[in-house]
Each structure stands twice: as C-alpha cells, then as structure tokens.
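Data first, discussion second: the structure below is written as structure tokens.
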Amino acid sequence: GALQVQGGRIVSVGETTAENVQRVDMSGRLLCPMFINAHTHVADTGAKELGVGLPLEQVVNPPDGLKHRFLQSVKGSEEHIAMMRHGLREMLSNGIIAAADFREQGLAGVRALRQATQGLPVQVVVLGRMAEGAGQAEVEREAHAILQEADGLGVRDVEAYDPALLKRLREAYPHKLLAAHAAEDEASEALSRSQTGMGQAGRLLEWQPDFLVHLTHTSGAELDRMVELGIPGVACPRSNGILGDGLPRLAEWAKRGLHFGLGTDNVMFTAPDMLREMDYASRLVRGLERNPAVVEPRLFLKAATIEGARILHLDRDLGSLAPGKRACFIVVNLDTENLTYQKDAISAVVHRVTLADIAGIYIDGSLFLVPS
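Following my numbering, the numbering of the sequence shown begins with 172 at its first residue and continues without gaps.
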C-alpha cells in the first residue's frame with residue numbers, strides 16, 4: 172500500500188498512481204498513528220521517582236503533598252520551564268503527538284507550560300486549575316483569567332470547588348474542556364458515598380464534564396450513566412498501580428460501552444510512554460478477568476490513538492491515518508529481532524513493540540528528530 176502526503180496532510184491511503192513525486196520505500200515497515208496521551212502532568216518532570224512508595228494523599232494532595240512542595244520550589248524559574256520542555260521532548264521521542272495536561276499553579280502555570288511548548292510540534296491541551304481553599308470570589312476571578320488563555324479546566328477532585336461555580340463556568344465557556352479526576356482511590360470514593368449517597372463520578376456528572384479520569388472505584392451504575400450521557404473516561408493503569416490505588420476495570424468499561432482513552436499521568440511516577448501503557452493495560456485486564464479473550468488488542472491501540480483524539484477534540488487532525496488528516500505517524504521496523512516472525516501486527520504494536528523497533532517518527536509528512 173501507499174500513503175500519499177502533500178502539504179503535511181494525507182491525500183490518500185492505499186495504492187497510488189501519482190507521478191513526479193518523491194517516493195520513500197518503507198518495505199518491511201508498519202505505519203501507526205502517533206499517540207494521544209489523554210492525561211498527563213508534565214510539570215513534575217523534574218521529580219522523577221520522587222515519592223515512590225508513598226500513598227496518593229501524601230504525594231499529590233495540595234498544599235503540602237510532596238509534588239506540590241516540589242512545584243513550589245521551582246515555581247516561576249527557567250529551570251522549571253526546562254524541566255517541562257524535557258518532558259515534552261520525551262513524549263515526542265516516544266511517538267506522542269498530543270497530550271492533555273492538568274496544569275497546576277493557576278494562570279502562571281498555564282503560561283509556563285505554553286512557554287515550554289514553544290518550538291516543539293507536540294500539541295498540548297492545557298487544562299488549568301485554580302487555587303484550592305481560597306475565597307469563592309477569588310477562585311471565580313482566577314477561573315475566568317485561566318479560561319481566557321487555557322484550553323479548559325482540569326479539576327483535581329470533586330471536593331475542590333463549589334459545584335455552583337463549575338456549573339456557571341460550564342455555561343459561560345461551552346467550548347472549553349472541563350475534565351476532572353474521579354474515584355482514583357478507594358477512601359475518597361467511600362467518603363463521597365457515605366456523605367452524599369453518590370460516588371465521585373456521579374456528582375461530577377452534574378457539572379457536564381467532557382471527560383473523567385481514573386474511575387478506578389466507580390460503580391457500574393455510574394459508568395452506565397456516563398455511557399448514557401456520552402461522557403468518556405481516561406484510564407491511567409500504570410499510575411494507579413504504582414500508587415497502590417487499585418486498578419481500573421477496563422473489561423467492564425468495554426462491556427458497558429464506555430469509550431476511553433489512555434493517559435500516563437504524572438511524569439514523576441510514570442514515563443510518558445504509550446507503548447508501555449498499552450501493554451500494561453492489555454495484560455492487566457486479561458489477568459484480572461482471568462480470561463485471555465476478554466478484550467482484543469485493537470481496543471488498546473484505539474484508546475492510545477483515535478479515542479484519545481476524540482476525547483480532546485483533536486480527531487479532525489490526529490488519531491488515525493486518513494485522507495485530510497495531518498501526516499503524523501510512527502514507522503515500525505518489522506524486521507528487527509524483536510518483531511521478526513510476528514503474526515499479528517496490531518497485537519505486536521500493543522504487546523511487543525519497543526522504542527528500539529521504531530525506525531522513524533514523521534510529523535506533518537517530514538521525518539522528525541527531537542531537538543537536543
């Protein structure tokens with residue numbers, strides 16, 4: 172087959188009879204769409220492995236969580252910009268073309284991340300966050316300032332802000348993304364149910380979010396409600412695993428018809444590597460269900476590509492190889508020692524391919540090398 176590219180976009184997929192064009196022979200190669208990382212926190216790139224072994228609340232809960240103490244120590248510095256830029260280059264080198272970042276530190280944090288992305292072809296959907304614990308009027312003023320520049324809001328927890336405020340913001344900014352963490356750990360989910368009679372996801376649905384992240388302990392009834400409302404989820408199983416929070420029941424998500432993407436979450440805990448995320452997720456779900464046929468590999472390749480693109484409203488340009496879309500793809504060498512004799516290309520991408528098998532990454536039709 173052939174992939175024809177013009178002006179950085181795909182013209183056709185399949186056979187081509189075009190003449191007088193530059194031809195690149197990719198015999199023995201597999202072309203895969205670049206990945207969409209639907210949930211990240213790139214700001215903690217400079218704290219890799221810091222806090223491993225500690226529970227969630229001691230690491231990520233503001234204002235005194237280990238992560239937030241680190242962020243405060245580098246706030247506003249050129250060093251922090253360099254750290255985030257490093258994380259973004261790492262994503263590109265791993266074949267990630269776009270990511271949704273839940274950015275802490277208010278408007279300053281949004282601007283710092285924008286600065287870090289300058290000159291890099293990675294597309295970052297920046298979801299800002301207001302300070303927690305401030306007065307209601309101050310939080311609302313900060314929210315409006317953030318939403319003037321960010322792509323939306325990435326809420327840490329259902330308890331973080333007044334629900335009435337989030338509903339007003341949803342109405343005032345219908346074209347901005349509203350996303351939130353939900354039911355990440357068992358204790359917070361149990362507390363929500365004991366105090367309100369509802370799980371965190373059920374309460375968050377009243378805000379009309381665009382997507383919810385983690386859902387590790389969300390009930391089947393609330394997953395069904397998400398399906399009914401057309402609200403997708405984002406799973407981060409490697410992050411949930413290392414934090415000891417439990418594991419998302421992805422077979423149940425699929426059975427109930429919940430569309431979902433994959434994210435790698437905090438860089439401090441988890442490398443932004445979608446190949447590893449797909450492999451971990453696929454093996455995890457089969458082991459948990461004790462059924463090797465409970466899902467197909469294609470489910471996870473879609474979660475890492477087109478489903479993530481749809482969740483972030485990027486599917487017009489990214490997430491699959493189709494006419495009209497940006498020519499952003501990974502070239503996998505099927506002749507490496509690792510991939511010789513593979514019998515199922517999709518399963519190989521999900522379960523076997525490593526960075527050593529990647530022959531090149533093309534962005535907008537041109538071979539791309541991450542700048543040093």
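Virtual Cβ for every residue (Gly too), placed ideally from N, Cα, C.
Backbone secondary structure at Y451 - three-state DSSP | helix
Whole alpha helix (DSSP H) runs in the segment 206-288 with 4 or more residues, listed along the chain?
-> 227-231, 237-245, 249-264, 277-288
E467 versus T476, I477, S453, V438, residue with shortest Cα-Cα distance = S453
Helix, strand or coil for I529 per DSSP?
-> It is a strand residue.
Cross-strand partners of A392 (DSSP beta bridge) | A392 is not bridged to any residue.
Which residues mark the beginning and the end of the alpha helix (DSSP H) in which S365 is found?
-> 357-367
Buried or exposed for S410, please, with buried defined as at least 16 other CB atoms from any protein chain shown within 10 angstroms of its CB.
-> buried
Along the chain, where does the beta strand (DSSP E) that runs through V503 open and close?
-> 500-504
Could you spell out where the alpha helix (DSSP H) holding A519 opens and where it closes?
-> 516-522
How is S198 classed by DSSP in three states: helix, strand or coil?
-> coil
Who are the Cβ neighbours of T525 in its own chain at under 8 Å, not counting the five residues just before and after it?
-> L446, N509, listed in sequence order.
Which residue comes first and which comes last in the alpha helix (DSSP H) that contains A316?
-> 307-320
Helix, strand or coil at S543 according to DSSP, with G and I counted as helix | At S543, the pLDDT of 39 sits below 50, so the modelled position is not reliable; the number obtained from the coordinates is stated separately. Here S543 sits in coil by DSSP.
If you count every other CB in all the chains shown that lies within 10 Å of the CB of E186, and 16 or more means buried, which is it?
-> exposed
Just the Cα atoms here: how many angstroms apart are L400 and P226?
-> A direct Cα-Cα distance of roughly 33 Å separates L400 from P226.
Are the segment 341-361 and the segment 314-331 in contact at 8 Å, needing three or more beta carbon pairs?
-> yes
7 Å CB neighbourhood of A173 in its chain, flanking five on each side removed | G185, E186, T187
Measure how close the beta-carbons of P204 and G490 come, nearest whole angstrom, since I'm counting them as under 8 Å.
-> Yes, they are in contact, since the Cβ atoms of P204 and G490 sit about 6 Å apart, within 8 Å.
Ends of the beta strand (DSSP E) at L580?
-> Nothing about residue 580 can be read from this structure; the chain reaches only from 172 to 543.
Identify whether V456 lies in helix, strand or coil by the three-state DSSP scheme.
-> helix
Beta carbon of D272 nearer than 8 Å to that of V297 | Yes, the Cβ-Cβ distance between D272 and V297 is below 8 Å.
Is the segment 303-310 in contact with the segment 273-291, if contact means three or more CB pairs nearer than 8 Å?
-> no
Go ahead and label P542 buried or exposed: buried means 16 or more other beta carbons lie within 10 angstroms of its beta carbon, across all protein chains shown.
-> The predicted position of P542 is uncertain, since its pLDDT is 41 and thus under 50; a value taken from the coordinates is nonetheless stated next. P542 comes out exposed.
Tell whether a beta-carbon distance below 8 Å holds between C407 and G370.
-> no
Own chain, CB closer than 6 Å to M301, minus 5 neighbours either side, in chain order | Within the same chain, and ignoring the five residues on either side of M301 in sequence, the residues whose Cβ sits closer than 6 Å to its Cβ are V310, E313, A314.
Buried or exposed for T367, please, with buried defined as at least 16 other CB atoms from any protein chain shown within 10 angstroms of its CB.
-> exposed
H346 versus G432, A321, T441, residue with shortest Cα-Cα distance = A321
When we look at the beta-carbon of G299 and count the other beta-carbons within 10 Å, is it buried (16 or more) or exposed?
-> Using a 10 angstroms sphere on the CB of G299, the tally of other CB atoms reaches 16 or more, which defines it as buried.
Does the distance from the C-beta atom of G432 to that of G479 stay below 8 Å?
-> yes
According to DSSP, is V438 helix, strand or coil?
-> coil
Kindly list the residues whose CB is nearer than 8 Å to the CB of S537, restricted to its own chain and excluding five residues on each side of it in sequence; keep chain order.
-> G179.
Neighbour-count burial assignment, H484, 16 or more Cβ in a 10 Å radius | exposed
Close-in-space but distant-in-sequence residues of the same chain around V465 (CB under 7 Å, 5 per side omitted) = A422, V456, R457
In angstroms with no decimal places, state the Cα-to-Cα distance between L202 and L492.
-> Each residue's Cα considered, the two are about 9 Å apart.
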